[in-house]
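First residue of the sequence shown: 6, per our numbering; consecutive thereafter. For each residue, glycine too, the CB sits at the ideal point set by N, CA and C.
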Amino acid sequence: MKKRMVTLILALLLALSLTGCGSRDTAKDSENAGIGTQSTDDASTLPDTAQDRPVTDAPMMVMVDNTLYQSAGEVSTVEGRCGNMDGEITSQTASGTDAPTENDQSNFGTGYGYQRMGDTLEVLIDGQWIVFRPITDSDV
Numbered sequence: 006m007k008k009r010m011v012t013l014i015l016a017l018l019l020a021l022s023l024t025g026c027g028s029r030d031t032a033k034d035s036e037n038a039g040i041g042t043q044s045t046d047d048a049s050t051l052p053d054t055a056q057d058r059p060v061t062d063a064p065m066m067v068m069v070d071n072t073l074y075q076s077a078g079e080v081s082t083v084e085g086r087c088g089n090m091d092g093e094i095t096s097q098t099a100s101g102t103d104a105p106t107e108n109d110q111s112n113f114g115t116g117y118g119y120q121r122m123g124d125t126l127e128v129l130i131d132g133q134w135i136v137f138r139p140i141t142d143s144d145v
C-alpha cells in the first residue's frame with residue numbers, strides 16, 4: 006500500500022511539473038505582433054518590465070561598442086545559449102525617437118541584458134531574445 010501511494014504522489018508531481026512547462030501566454034503572443042517598434046496604439050495594455058520605456062513609433066535601437074544596432078522585430082531562434090550576458094543597457098536617449106549616441110544606450114528602456122551573436126546583437130526583452138542588426142551606411 007505504501008509503495009502504491011509513493012508511486013501515485015510521484016506521478017502527480019510529474020504531471021504538475023509538465024503542465025507548468027506547457028503553458029502558453031496568449032496575451033504575450035498578441036504583444037509580439039509589434040516587436041521591433043513601439044506603438045502608441047496599445048501602450049496601456051503592454052506590461053513594462055524595464056525602467057522608463059518610452060512609447061513611440063520609432064524603431065528600437067541600441068549602441069554597443071560604438072556600433073548602432075536596429076531591430077526589425079525578429080525573434081531569435083537560437084536555442085541552448087549560455088546564461089551569461091555580454092552587457093546590459095544602462096542608459097536611454099532623452100526621446101524615444103532619437104538614435105542612441107553612447108555605448109550601452111537604447112531608445113526603448115534600460116535594464117535589458119544582451120548577448121553578441123556573430124554580427125548581430127540579441128537583447129532579452131520581456132522574456133524573448135530580439136535580434137538587432139548593425140545599421141550600415143546603406144540603411145540610412
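Short check: CB of residue i to CB of residue j, under 9 angstroms?
i, j, result
"M66", "I140", "yes"
"G101", "F113", "yes"
In terms of DSSP beta bridges, what is residue i paired with?
i, result
"F137", "S76 and L126"
"G92", "Y119"
Locate the beta strand (DSSP E) running through residue i, then write down its first and last residues.
i, result
"V83", "Segment: none, V83 is in no beta strand (DSSP E) and carries neither H nor E."
Under 8 angstroms by Cβ, that's how I've got residue i and residue j pegged, so tell me the actual separation to the nearest angstrom.
i, j, result
"Q110", "Q120", "No, Q110 and Q120 are not in contact; Cβ-Cβ is about 17 angstroms, not under 8 angstroms."
Please return the same chain residues whose Cβ sits closer than 8 angstroms to the Cβ of residue i, not counting the five positions on each side in sequence.
i, result
"Y74", "M66, V67, M68, T125, L126, F137, R138, P139 and I140"
"T106", "M68 and T98"
"G88", "none"
In chain order, what residues of the same chain lie with their CB nearer than 7 angstroms to the CB of residue i, ignoring the 5 residues before and after it?
i, result
"G132", "none"
"A55", "Because A55 carries a pLDDT of 46, less than 50, the predicted location of this residue cannot be relied on, and the following value inherits that uncertainty. Once the five neighbours on either side are set aside, the close Cβ partners of A55 are G114, T115, G116 and Y117."
"N4", "Not covered by the structure: residue 4. The range shown for the chain is 6 to 145."
"D57", "Low local confidence applies: a pLDDT of 49 at D57 is under 50, so the model's placement there is unreliable, with the coordinate-based value given in what follows. Q97, G114 and T115."
"M90", "G118, Y119 and Q120"
Taking 6 angstroms as the limit between beta carbons, can you name the residues of its chain near residue i, skipping five residues before and five after?
i, result
"D53", "In this predicted model, D53 has a pLDDT of only 46, less than 50, meaning its place in the structure is not dependable enough to derive any value."
"W134", "S81 and E127"
"E79", "V136"
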